[in-house]
């Protein structure tokens, strides 16, 4: 006990920094499932096609009494909506480009998404996400994906929205990346 018998008060949490994060990738790769798993801690098997974007807010503790509020934009992946999707990049601090490890075409599309972000939001932190690691057969080689990520200055992680493997880790990496990039400014 300190002077006067009062307990020392814990340091107050600093107000959270907030940041927009876009989730991009082809239709059916599991973008909505990743966001749903992270924000609701459940897996949902079937989805209606996303036409625009759904936004979820979540706060992540990044240590040192600090947190980051992420506004996660789950965007439409169908090719016919790609021109609309560009509007959602504006102001994004980070982007997760998601592919399905069982569909090579979804991995090949990652180059398109990287180029889109580099042209529209050049300072955006990029994360390459191989999803559906619970499924077989794997057709996208993990080493090839890692090399693609390294080539483009991206972080790389593989996840399963179904089993929850690495889903929390993905969003925590994003929040820490945002916090670290802010402290360098």
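In full-length UniProt numbering, the protein residues as written are 1 to 185.
Think of the CB as a built atom: it goes at the ideal place given N, C-alpha and C, for glycine as much as any other residue.
Quantities reported herein were computed from a predicted structural model and do not represent experimental measurements.
Consult DSSP for residue i and reduce its assignment to one of helix, strand or coil.
{"i": "residue 157", "result": "strand"}
{"i": "residue 115", "result": "helix"}
{"i": "residue 109", "result": "coil"}
{"i": "residue 63", "result": "strand"}
{"i": "residue 97", "result": "strand"}
{"i": "residue 127", "result": "strand"}
{"i": "residue 18", "result": "strand"}
{"i": "residue 71", "result": "strand"}
{"i": "residue 23", "result": "strand"}
{"i": "residue 139", "result": "coil"}
{"i": "residue 92", "result": "strand"}
{"i": "residue 29", "result": "coil"}
{"i": "residue 151", "result": "helix"}
Could you tell me the distance, in whole angstroms, from the CA atom of residue i to the CA atom of residue j?
{"i": "residue 169", "j": "residue 124", "result": "19 Å"}
{"i": "residue 165", "j": "residue 159", "result": "5 Å"}
{"i": "residue 94", "j": "residue 53", "result": "16 Å"}
{"i": "residue 87", "j": "residue 174", "result": "21 Å"}
{"i": "residue 62", "j": "residue 119", "result": "29 Å"}
{"i": "residue 179", "j": "residue 18", "result": "10 Å"}
{"i": "residue 114", "j": "residue 46", "result": "27 Å"}
{"i": "residue 16", "j": "residue 70", "result": "9 Å"}
{"i": "residue 147", "j": "residue 137", "result": "21 Å"}
Excluding five sequence neighbours on each side, which residues of the same chain lie with their C-beta closer than 7 Å to the C-beta of residue i?
{"i": "residue 172", "result": "60"}
{"i": "residue 44", "result": "33 and 36"}
{"i": "residue 181", "result": "125"}
{"i": "residue 176", "result": "62"}
Under 8 Å by Cβ, that's how I've got residue i and residue j pegged, so tell me the actual separation to the nearest angstrom.
{"i": "residue 105", "j": "residue 134", "result": "Not really, about 20 Å apart at Cβ, beyond 8 Å."}
Report all residues from its chain with a CB closer than 6 Å to the CB of residue i; omit the five preceding and five following residues, and keep chain order.
{"i": "residue 72", "result": "21, 35 and 56"}
{"i": "residue 149", "result": "128 and 156"}
Leaving out five residues on either side along the sequence, give the residues of the same chain with a beta carbon under 8 Å from the beta carbon of residue i.
{"i": "residue 29", "result": "77, 98, 99, 100, 103, 106, 131 and 132"}
{"i": "residue 121", "result": "89, 90, 91, 92 and 95"}
{"i": "residue 42", "result": "36"}
If we cut at 8 Å on Cβ distances, does residue i have a partner in chain C?
{"i": "residue 95", "result": "Of the protein chains in this structure there is only one, and it is not chain C."}
contact_flag[the stretch 30-42, the stretch 104-113] where n(CB pairs < 8 Å) is 3 or more
Verdict: no, contact absent.
Any chance the stretch 62-73 sits against the stretch 144-159, with 3 or more Cβ pairs inside 8 Å?
no
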